[in-house]
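Comments concern the structure below.
Protein chains in written order, with this note's numbering: chain H, 1061 to 1509; chain D, 1061 to 1509.
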């Protein structure tokens, strides 16, 4: 009988604020970071499970400490029982009554559960010799439904309805998998549009994205209206009328401001507006959506859990639902959200970028197409082209589409050299220049402008 | 010029799980805990500011670490500028862009802000020589509005509307303060109704509560329907028809189950049902409320922030709004919530109990009556009669009403002996019996049943 024998966390941070990669209206200077977890066993098969929570710098140490709280739930446990009933395992991690108080089911503690759940799925898929999306896509509807905690969902989706949805999508699974292997999954790119980039860089990268085969790009907005109108015009002129240009306000606006701002950008035909206001504001998103149609409303990367997604769908607040691989409690909760979206007929276009989010979330979209929604239509996965070199099985995009990952696991594993180089605060990447303050002091001194 | 010179945190835990004080359907074995903060200055006046986040055991160390992340925002800063513009200070703590990612505005990081904000208010009130509620109640409408961050609120409440509300409540402030000093503020008690108590203890404590002058008591429900029906009948028989008996499900139910369960308890005339489902489920609470009237729906102790409270009010989801002193980001955000409740005409009946929550929240209700809602009608503050002995200015209830606190500050300060005794894991209260495992191992081994 094999057991879980190690549960090891690392604080990994990339100094992305030095180049303003990732800058937007709410996050002017992120240092993309991962609270990183490796789960080891005594199975003797050489496999380890990797998972992480994504943060943007300060506080990544606290995120690591929150993951550590989950170790006692897994250390010493029988591997087959943990991996064999991932529904029960998920519930044991999410419903620890004392830890639940720290959310409940939101923020630091919920993201910690995400890291542990995803690490277990990485391990399970490696042991099965399959990339995660294929492991999930060969599970029966009954097995998939057993992964989902329907608590708080049954007024919108019952287990029976979920089963029915999955059964309806069973015919054609094999053909859809073949199509994914041959053609990949459509992507869009956010690389050109970071708020801290110059106009020249914006135009140059937008043209390059189109030349690379992308048919949708995304622009960060929300800091200054005149600035946004100018940048939106430049991009529209650079890419022509056929390319979809989404805008992303990163929660910057109140409801009224959102409507005014989007209307001012409307002449340049934005495809969707993302995070126009607080991710908690279901009714606010619904009000904005009613006022800005035909511009679509998208959100999700900061939606804390399935309960808020449920309401977004019930209230008709979204045209596009954006799952995040590591903010809700991992694979299981994302399956719940994919099922909800399928029930309500809303397309899922995942959030990615960050550290490793492209690597993870492609598995969920591929699984969704293969076994849940069976729809690929207007769906696209976000792509941002940095930090992939730090992963063993990096996301790759060709001709504007993600290629289907083939390596066993959930693609969450960083390279050993990345873990050494970017360990915080003692990795070489964080070594201070002679005479400069230590990195922790520098980081702490940065405040929101 | 005085500066903030120290920012000291302590992990304080009370072994309440040994007696099942605080046990309910979701929290069978809480160890009531405080992630405790003391802010010191070089002003030479002997005053320190005290604040805390309340947790129920495991994870309190992570909560402490999250509070520590805020130290660099305050250490070394000019005291007059920090305390003189508490609106700006609040925003600087909540909108640190990197730390905000960990919520945003929810969970561990937001509770950490609560501890820091409340500690600063404790310090400010001590320096003014006033209990917090009186300090707030002498501020002008303009000063109060400047404390509130209206981001994400303006579709429901604008600064101008808030000003108008506060101005309308200005006449009579002095008389209402006199009434509070003379009569206190009505309380209800949860002491009899913990789920882990025997029927005998439940009946005995319910009768004792009525004898002590309480006109409302509360019963934990939600684990087993037959059990709840029996306990509700016993209590109703023990206290008679005139005493209000509220029930509290602590988020145990889905929407459909909540409606069925409450209808089964309806013959015993429950006054309100508290936390029938997920605190994130605005639409769910609204649906439950429509189905169980005239039983009232109450929630709020786990509502993460003002944005969700705003929607609870917009959706008509609540008959009773329950603020918590230390889950949203402290005094400033609670003022925003009191203003929202006043705008929508919904009574505020605070959550208390826990560690120190009774001590804190009475200040907010007294301030609300004096300067915001000017209404006391059906309003009651929760009271639970344990752990008060650990505070310098403990909550006191006479004849079923909280007495008005008179000591300068926010009543957040624990006694030195409590801080020594209950420091975790090395305080004497946590010393293992000979041969028993160390407390950290014991704590980690407890799982949700």
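Note that the Cβ used here is the ideal one computed from N, Cα and C, for glycine as well.
- Residue pairing by DSSP puts residue 1442(D) in a beta bridge opposite 1248(D).
- In this structure, residue 1430(H) sits near residue 1197(H), with a CB-CB distance shorter than 8 Å.
- The Cβ-Cβ distance between residue 1484(D) and residue 1073(D) falls below 8 Å.
- At a cut-off of 8 Å between beta-carbon atoms, residue 1212(D) makes contact with chain H.
- Under DSSP, the beta-bridge partners assigned to residue 1356(D) are 1332(D).
- Legend: CB atoms of the segment 1170-1189 of chain D lying less than 9 Å from CB atoms of chain H belong to residues 1170, 1171 and 1172.
- In this structure the segment 1159-1166 of chain H does not touch the segment 1435-1451 of chain H; the number of beta carbon pairs closer than 8 Å is below three.
- Rounded to whole angstroms, residue 1322(D) and residue 1471(H) show a C-alpha spacing of 47 Å.
- In its chain, beyond the 5 residues on either side, 1146, 1147, 1392 and 1395 have a beta carbon closer than 6 Å to the beta carbon of residue 1207(D).
- Counting only unbroken stretches of 4 or more residues, the alpha helix (DSSP H) elements lying wholly within the segment 1083-1137 of chain H are 1120-1128 and 1131-1134, in sequence order.
- Taking one beta carbon from each stretch, the segment 1266-1277 of chain H and the segment 1298-1306 of chain H have 3 or more pairs nearer than 8 Å; the two touch.
- Between residue 1130(H) and residue 1111(H), the gap from beta carbon to beta carbon reaches 8 Å or more.
- The straight-line gap separating the alpha-carbon atoms of residue 1307(D) and residue 1155(D) is approximately 37 Å.
- The C-beta separation of residue 1117(D) from residue 1090(D) comes to about 6 Å, placing the pair in contact by the 8 Å criterion.
- Counting only unbroken stretches of 4 or more residues, the alpha helix (DSSP H) elements lying wholly within the segment 1158-1195 of chain H are 1167-1188, in sequence order.
- Ranked by Cα distance from residue 1272(H), the first of 1135(H), 1372(H), 1459(H) and 1284(H) is 1459(H).
- Here DSSP, grouped into helix, strand and coil, assigns residue 1308(D) to strand.
- With fewer than 16 other Cβ atoms inside 10 Å of its own Cβ, residue 1476(H) counts as exposed.
- Residue pairing of residue 1071(D) in beta bridges, as defined by DSSP: 1095(D).
- In the structure shown, residue 1216(H) falls within a coil segment according to DSSP collapsed to helix, strand and coil.
- In this model, residue 1183(D) and residue 1218(H) are separated by some 51 Å (Cα to Cα).
- Between residue 1389(D) and residue 1177(D), the beta carbon gap of about 6 Å places them in contact (Cβ cut-off 8 Å).
- Neighbours of residue 1139(D) across chain H, judged by C-beta separation under 8 Å, do not exist; the nearest C-beta is about 18 Å away.
- Taking CB atoms only, residue 1166(D) has a neighbour in chain H less than 8 Å away.
- At a cut-off of 8 Å between beta carbons, residue 1125(D) contacts chain H.
- Selection 1288(H), 1399(H), 1326(H) and 1174(H) evaluated against residue 1220(H) yields 1399(H) as nearest (Cα-Cα).
- Neighbours of residue 1086(H) in chain D, taken as residues whose beta carbon is under 8 Å from its own, are 1157 and 1160 in chain order.
- Apart from the 5 residues on each side of it in sequence, residue 1364(H) sits with its Cβ closer than 6 Å to the Cβ of 1166 in its chain, given in chain order.
- Distance from the CA of residue 1382(H) to the CA of residue 1359(H), rounded to the nearest whole angstrom, comes to 5 Å.
- A distance below 6 Å between beta-carbons, with the five flanking residues on each side excluded, links residue 1084(D) to the following residues of its chain, in chain order: 1255, 1280 and 1310.
- Taking CB atoms only, residue 1340(H) has a neighbour in chain D less than 8 Å away.
- In this structure, residue 1314(H) keeps its C-beta atom at 8 Å or more from the C-beta atom of residue 1286(D).
- No Cβ-Cβ contact shorter than 8 Å links residue 1248(D) with residue 1422(D).
- Look at the segment 1350-1373 of chain D: the residues with a C-beta under 7 Å from a C-beta of chain H are 1362, 1364, 1365, 1367, 1368 and 1371.
- For residue 1270(H), the CB contacts under 7 Å within the same chain, skipping 5 residues up- and downstream, are 1299 and 1303 in chain order.
- Here residue 1289(D) has 1324 and 1325 as same chain residues with Cβ atoms under 7 Å from its own Cβ, once five neighbours each way along the sequence are excluded.
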